[in-house]
Amino acid sequence: MVFRVYKKIQGGKKMAKKRKCGVLLPISSLPSKYGIGCFDKKAYEFVDALKAAGQSYWQILPLGPTSYGDSPYQSFSTFAGNPYFISLEELIKEGVLTKKECDSVDFGDNEASVDYAKLYEGRMILLRKAYERSNIYMDPEFRKFQEEEAWWLKDYALFMAVKKRFGGVQWSEWAEDIRLRWQNALDYYREEMYFEIEFQEYMQFKFRQQWMKLKAYANEKGIQIIGDIPIYVAMDSADTWANPWLFKLDEKNCPTQVAGCPPDGFSATGQLWGNPLYNWEVHRNSGYEWWIKRIANCFRLYDVVRIDHFRGFDEYYAIPYGDATAENGWWEKGPGIDLFRAISASLGDREIIAEDLGYMTDSVKRLVEESGYPNMKVIEFAFDERDTGNASDYLPHNYPRNCVVYTGTHDNETLLSWLEDITPAERRQVRKYLNNFKDSGKELCDDLICLVMQSVANLCIVPMQDYLGLDNSARMNQPSTLGKNWKWRLKEGQFTAELQKEMLELATRYGRR
Numbered sequence: 039m040v041f042r043v044y045k046k047i048q049g050g051k052k053m054a055k056k057r058k059c060g061v062l063l064p065i066s067s068l069p070s071k072y073g074i075g076c077f078d079k080k081a082y083e084f085v086d087a088l089k090a091a092g093q094s095y096w097q098i099l100p101l102g103p104t105s106y107g108d109s110p111y112q113s114f115s116t117f118a119g120n121p122y123f124i125s126l127e128e129l130i131k132e133g134v135l136t137k138k139e140c141d142s143v144d145f146g147d148n149e150a151s152v153d154y155a156k157l158y159e160g161r162m163i164l165l166r167k168a169y170e171r172s173n174i175y176m177d178p179e180f181r182k183f184q185e186e187e188a189w190w191l192k193d194y195a196l197f198m199a200v201k202k203r204f205g206g207v208q209w210s211e212w213a214e215d216i217r218l219r220w221q222n223a224l225d226y227y228r229e230e231m232y233f234e235i236e237f238q239e240y241m242q243f244k245f246r247q248q249w250m251k252l253k254a255y256a257n258e259k260g261i262q263i264i265g266d267i268p269i270y271v272a273m274d275s276a277d278t279w280a281n282p283w284l285f286k287l288d289e290k291n292c293p294t295q296v297a298g299c300p301p302d303g304f305s306a307t308g309q310l311w312g313n314p315l316y317n318w319e320v321h322r323n324s325g326y327e328w329w330i331k332r333i334a335n336c337f338r339l340y341d342v343v344r345i346d347h348f349r350g351f352d353e354y355y356a357i358p359y360g361d362a363t364a365e366n367g368w369w370e371k372g373p374g375i376d377l378f379r380a381i382s383a384s385l386g387d388r389e390i391i392a393e394d395l396g397y398m399t400d401s402v403k404r405l406v407e408e409s410g411y412p413n414m415k416v417i418e419f420a421f422d423e424r425d426t427g428n429a430s431d432y433l434p435h436n437y438p439r440n441c442v443v444y445t446g447t448h449d450n451e452t453l454l455s456w457l458e459d460i461t462p463a464e465r466r467q468v469r470k471y472l473n474n475f476k477d478s479g480k481e482l483c484d485d486l487i488c489l490v491m492q493s494v495a496n497l498c499i500v501p502m503q504d505y506l507g508l509d510n511s512a513r514m515n516q517p518s519t520l521g522k523n524w525k526w527r528l529k530e531g532q533f534t535a536e537l538q539k540e541m542l543e544l545a546t547r548y549g550r551r
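Going by my numbering, the residue at position 348 of the sequence shown is 386; the numbering climbs one at a time, nothing skipped.
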């Protein structure tokens, strides 16, 4: 990748010196007989399949513990891991669970979809049994983990324990003493809920232990992990509860403004995300200490980090707390390049992808250019007749080398369904661009994958669903909706040797091995 700004940000690292390719598949979407993809044998087999398919990158979604909507972008902590991903197979090997116990739990009968209600009921019972049988307090590695991660782990474990005590309600509804973190209340709950707190720490220990083992295996096979972090944290999180001064909260620790996106051609009322906004003045005065810790933690977990909603660091959209839509919001200035200079000065060479999709301005483009980070291109955006401002930026003949191209992301329709749902005029435009005038949606999908693979972009990422030619029944997320998202799973045997061979041929043909 070519950077023109090394003098502006020291430590910017070229993500791929050669043309490479990879696959987007969340951990939750891996095959598993225990309800959700996790760090078990199937994850290692997927790594082997990626290597056989000539891939160099595995992109995943955020790994944090999910809350009631099951979204990995609304987590109880930006530092913690999702206990659902802990391998029960590994716990069976350790002797703290039995295969009979695990097999007897009902995780649902649809191998292509996660049943989160059954998962929550069954998984936590098993993990608690494993903890109670583990004698974890005797493990020196666990004690070391507690000490080294205390800076975030103590608050997170206490947060989750107290949340359980109050029936799972948001921390803003807790009793005043613990909601406002009075010292006597903190001391009381730490003593009163000692074993629940240790259980939470145990799950984080097993998560980190198993994930680092899987990541090391992937790296040995030549597969780099691309992680993903949201720009914002959830209001109902240990992050806001333990650090309220870092956010725009009032004296009662309630938000004054929340995040979202303004109305546009895609949404007449905009998008109301509801996340608390950062108090950037406080972050700036601290030298961006919290952000540096956050990014540093990410690079312990991943080889490359995709930062979601990068444009929010230039300007962010603020909506009055309590509004039902995003229509009354306004733009405010973010930290800009200063944040990334501080990160580079502290952490050195880091491989970061700037997710700059959506409403773009000249100042956002300057920030991306000044950072030197590769930005994103999505082929599904290239032919959208509603977007008159920057659709041409997504056409492959306009790509720079320093970018990452996708057929679609976790928020998009699958390629097959997108082709079915676009207007006839847009479909004609696609066919003209591909010089393919046949009616086969699958053939057009294959041609679009070839198109992004042959582009000049240094890195090409294709969601697993698009390689499989699946429709929207396999869509991962439809923004601003609830109920059907984050559930799709790869079936056992679906990633066939034949498909791996085809992907290898593509990677070889277009010089991405």
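Glycine included, every Cβ here is placed at the ideal spot set by N, Cα and C. Quick caveat, the model's predicted, so the values are computed rather than measured.
Residues of its chain near residue i, where Cβ-Cβ distance is below 6 Å and the 5 sequence neighbours each way are ignored
i	result
residue 43	A caution first: residue 43 carries a pLDDT of 32, below 50, which makes its placement in the model unreliable, though a value can still be read off. Within the same chain, residue 43 has close Cβ partners 408 and 410.
residue 548	491 and 492
residue 542	91 and 92
residue 261	85, 88 and 96
residue 444	416 and 499
residue 402	349 and 352
residue 319	none
residue 333	381
residue 533	87
Residue i, DSSP secondary structure in three states
i	result
residue 58	strand
residue 269	coil
residue 279	helix
residue 362	coil
residue 285	strand
residue 495	coil
residue 345	strand
residue 311	strand
residue 368	strand
residue 301	coil
residue 257	helix
residue 500	strand
residue 476	coil
residue 76	coil
residue 423	coil
residue 558	Because the chain spans 39 through 551 in this model, residue 558 falls outside it and cannot be assessed.
residue 128	helix
residue 451	coil
DSSP beta-bridge partners of residue i
i	result
residue 90	Answer is none; residue 90 lacks a bridge partner.
residue 96	61 and 263
residue 514	Answer is none; residue 514 lacks a bridge partner.
residue 295	358
residue 151	526
residue 316	285
residue 116	Looking at the DSSP assignment, residue 116 forms no beta bridge with any residue, so it has no partner.
residue 159	DSSP lists no partner for residue 159.
residue 353	371
residue 104	113
Close-in-space but distant-in-sequence residues of the same chain around residue i (CB under 7 Å, 5 per side omitted)
i	result
residue 432	415, 416, 417, 419 and 420
residue 74	66, 122, 152 and 157
residue 144	156 and 160
residue 45	Confidence at residue 45 is low in this model, with a pLDDT of 38, below 50, so its placement is unreliable and no value can be given for it.
residue 248	77, 124, 125 and 128
residue 40	With a pLDDT of only 29 at residue 40, under 50, the local geometry of the prediction cannot be trusted, and the value read off the model is given with reservation. Cβ within range, chain order: 439 and 440.
residue 239	184, 191 and 195
Chain-order list of residues whose beta-carbon lies under 8 Å from that of residue i (same chain, five-residue window excluded)
i	result
residue 136	130
residue 362	310
residue 455	509, 510 and 513
residue 251	77
residue 452	446, 501, 503, 504, 508, 509, 510, 512 and 513
residue 264	60, 95, 96, 97, 98, 340, 341, 342, 343, 344, 391 and 499
Where the alpha helix (DSSP H) through residue i begins and ends
i	result
residue 392	Unbroken run through residue 392 is the beta strand (DSSP E), 390 to 392; no alpha helix (DSSP H).
residue 468	462 to 472
residue 535	535 to 547
residue 140	137 to 141
residue 134	Note, residue 134: premise wrong, no alpha helix (DSSP H); not H, not E.
residue 406	400 to 409
residue 222	221 to 230
residue 192	188 to 203
residue 385	375 to 385
Cutoff 7 Å: residue i Cβ touching any chain B Cβ
i	result
residue 106	Of the protein chains in the structure, only one exists, and it is not chain B.
Boundaries (first-last residue) of the beta strand (DSSP E) holding residue i
i	result
residue 207	No beta strand (DSSP E) holds residue 207; DSSP gives it neither H nor E.
residue 176	Looking at the DSSP string, residue 176 is not in any beta strand (DSSP E), and its letter there is neither H nor E.
residue 413	413 to 416
residue 111	Note, residue 111: premise wrong, no beta strand (DSSP E); not H, not E.
residue 340	Looking at the DSSP string, residue 340 is not in any beta strand (DSSP E), and its letter there is neither H nor E.
residue 444	441 to 444
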